[in-house]
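The structure appears below as structure tokens.
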Amino acid sequence: FEPLAPYKPFNNNWYTSPGRARLLPSRKQITDNWSPGMTKHLPKRKHPAHGILRLDGQPRVIFDTVCTKSAKPWLACNEVHKLLCDTWREATGWLMGRYVILPDHLHFFAFDEKNDTNYDNWVTYWKSQFSRRYGKPKCRWLTDHWDRRMRNQDAYEDKWEYIRWNPVRHGLVENPEDWPFQGEIHK
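Residue numbers (the numbering used here): -4 to 182.
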């Protein structure tokens, strides 16, 4: 199996929503046509948008990325791996699925079929529980996280292939199966 092609961001001029697409002005068009009273710069996201939409009858599956503060590489070790797994097993507001832990960030899938636990609160909870148990003040999490809802099985499988090849792309191993800091908590 070959790794997925490198990620290429979509054209920022297009906004796509279910069933329709519309052209938005580019940053250049907005700044070229700027006049007093208008905002000269487009807003820049400093934090990810959060909030998980609940659709009746559909399970919620979330892909998330959580990073260490200042990209410090302290995650990829046996002690952290075991403690994270123990913490995720106990933090049952959402269920941890597949995950890959890299030195300075981790990717995972979380799912919830019936529970109404707020997702952001759950992430904050398990990060705080882990940090309290780990007891190393210099090993801290970035405050935010980057979540995205998986809309169908194909999106889930595509994202899983992308993240399981992450250790290879980072030059940590030659085959994704060789990376020891990955697994699945709940199936």
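Ideal Cβ positions, reconstructed from N, Cα and C, are used throughout, including at glycine.
Checklist entry - In chain order, which alpha helix (DSSP H) runs of at least 4 residues are fully inside the region 123 to 163? => result Runs found: 148 to 159.
Item to check | beta-carbon Pro98 near the ligand GTP non-hydrogen atom, thresh 7 Å | outcome: Although the ligand GTP was asked about, the structure shown includes no ligands whatsoever.
Next on the checklist: Give me the DSSP bridge partner(s) of Phe104.
Outcome noted: Note: Phe104 sits in a beta bridge opposite Phe58.
Checklist entry - Is the number of C-beta pairs between the region 82 to 91 and the region 110 to 130 that are closer than 8 Å three or more? => result Result yes; three or more Cβ-Cβ pairs closer than 8 Å.
Item to check | C-alpha distance - Tyr151 paired with Asn116, whole-angstrom precision | outcome: Distance between the alpha carbons of Tyr151 and Asn116: 23 Å.
Next on the checklist: Just verifying my parser: in three-state terms, what is the DSSP assignment at Val168?
Outcome noted: Here Val168 sits in coil by DSSP.
Checklist entry - Smallest Cα separation from Lys133: which of Leu70, Val61, Val56? => result Out of Leu70, Val61, Val56, Leu70 has the C-alpha closest to the C-alpha of Lys133.
Checklist entry - Skipping 5 residues on each side, what residues in its chain have a beta carbon closer than 6 Å to that of His140? => result Closer than 6 Å at the Cβ level, and outside the excluded window around His140, lie Asp59, Val61, Val118.
Next on the checklist: Applying the 10 Å Cβ sphere with the 16-neighbour rule, what's the burial state of His102?
Outcome noted: Burial of His102 is indicated by the presence of at least 16 other C-beta atoms within 10 angstroms of its C-beta.
Checklist entry - Are there 16 or more other CB atoms within 10 angstroms of the CB of Gln177, so buried, or fewer, so exposed? => result Buried: at least 16 other Cβ atoms inside 10 Å.
Next on the checklist: I need the straight-line Cα distance from Thr112 to Val56, nearest angstrom please.
Outcome noted: Taking the CA atoms as reference points, Thr112 sits about 13 Å from Val56.
Checklist entry - Is DSSP giving Leu90 helix, strand or coil here? => result Of the three classes helix, strand and coil, the one that applies to Leu90 here is strand, per DSSP.
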